[in-house]
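Be aware that the sequence shown starts at 139, since it is given in this note's numbering, and climbs by one per residue. Notes follow the structure.
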Amino acid sequence: MSKSHNNNFEELLERHHLKKTAPRLKVLSMLSAKNVATSQPDLERVMSDIDRVTLYRILNTFEEKGIIHKVFDLNGTSNFAMCTSDCEENHHHDEHLHFNCTNCKNVYCLDDLHLPPIDLPAGFKPQSFTLYATGLCPKCSRAAGKTKLKQVV
Ligand SMILES: [Zn+2]
Ligand SMILES: [Zn+2]
Ligand SMILES: [Zn+2]
139 MSKSHNNNFE ELLERHHLKK TAPRLKVLSM LSAKNVATSQ PDLERVMSDI DRVTLYRILN
199 TFEEKGIIHK VFDLNGTSNF AMCTSDCEEN HHHDEHLHFN CTNCKNVYCL DDLHLPPIDL
259 PAGFKPQSFT LYATGLCPKC SRAAGKTKLK QVV
């Protein structure tokens with residue numbers, strides 16, 4: 139990880155009035171290094187030097203502050219991904235499509251695909267909407283295509 143990256147994360151924590159602790163920086167660098175969401179078990183594995191309660195608190199704080207958002211995958215496991223700059227404290231704008239690949243299990247944030255406005259019947263007060271798709275990601279569908287070709291030959 140480059141030094142400038144680290145500085146960005148420190149700035150991010152400062153902006154949200156959070157203390158710059160090593161575990162917090164580590165979570166940020168791990169989540170932003172990947173273009174897919176990271177599952178909580180994966181984070182626990184990488185962050186095995188800190189206890190789960192601390193990790194859980196960090197994730198909660200980041201979610202409250204609008205730094206990361208949580209996505210549940212097909213198995214109901216929590217996955218976390220960095221938010222775009224549109225997110226604010228206690229007010230997320232992550233109503234983009236989440237794509238869960240059934241083969242590699244990766245959860246992709248498709249930031250460019252936003253939910254159309256949805257008018258709920260009177261009396262319903264939604265806090266969040268989730269748009270969720272499952273299937274094969276480009277990498278896996280390419281791989282599946284290759285296997286088929288091989289079988290034909
Ligand atoms: Zn967000
Ligand atoms: Zn895949
Ligand atoms: Zn997302």
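Note that the Cβ used here is the ideal one computed from N, Cα and C, for glycine as well. Since this is a predicted model, take the numbers as computed values, not measurements.
Separation of residue j from residue i, as counted between CA atoms
{"i": "H207", "j": "N241", "result": "23 angstroms"}
{"i": "E201", "j": "T285", "result": "40 angstroms"}
{"i": "T159", "j": "T215", "result": "26 angstroms"}
{"i": "D249", "j": "I188", "result": "31 angstroms"}
{"i": "H197", "j": "V209", "result": "Per the sequence presented here, residue 197 reads as Leu, with His not at that position. So the two alpha carbons sit approximately 12 angstroms from each other."}
{"i": "F267", "j": "L258", "result": "11 angstroms"}
{"i": "N238", "j": "N146", "result": "29 angstroms"}
Check: residue i C-beta below 7 angstroms from any heavy atom of ligand 2
{"i": "C275", "result": "yes"}
{"i": "C278", "result": "yes"}
Cβ-based neighbour list, residue i, same chain, cut-off 7 angstroms, excluding 5 preceding and 5 following
{"i": "A282", "result": "L274"}
{"i": "C278", "result": "C239, N241, C242"}
Closer than 8 angstroms to chain B by CB, residue i
{"i": "T192", "result": "Although the question refers to chain B, the structure presented lacks it and comprises just one protein chain."}
Proximity test, residue i beta-carbon vs ligand 3 heavy atom, cut-off 7 angstroms
{"i": "H231", "result": "no"}
{"i": "A219", "result": "yes"}
Residue nearest to residue i in terms of C-alpha spacing, selected from the options
{"i": "M220", "options": "H154, M168, P161, E149", "result": "M168"}
{"i": "T272", "options": "I205, H229, V245, V165", "result": "V245"}
CB of residue i within 8 angstroms of CB of residue j, strictly
{"i": "L251", "j": "H234", "result": "yes"}
{"i": "A171", "j": "N217", "result": "no"}
Residue i beta carbon near ligand 1 (any heavy atom closer than 7 angstroms)
{"i": "G204", "result": "yes"}
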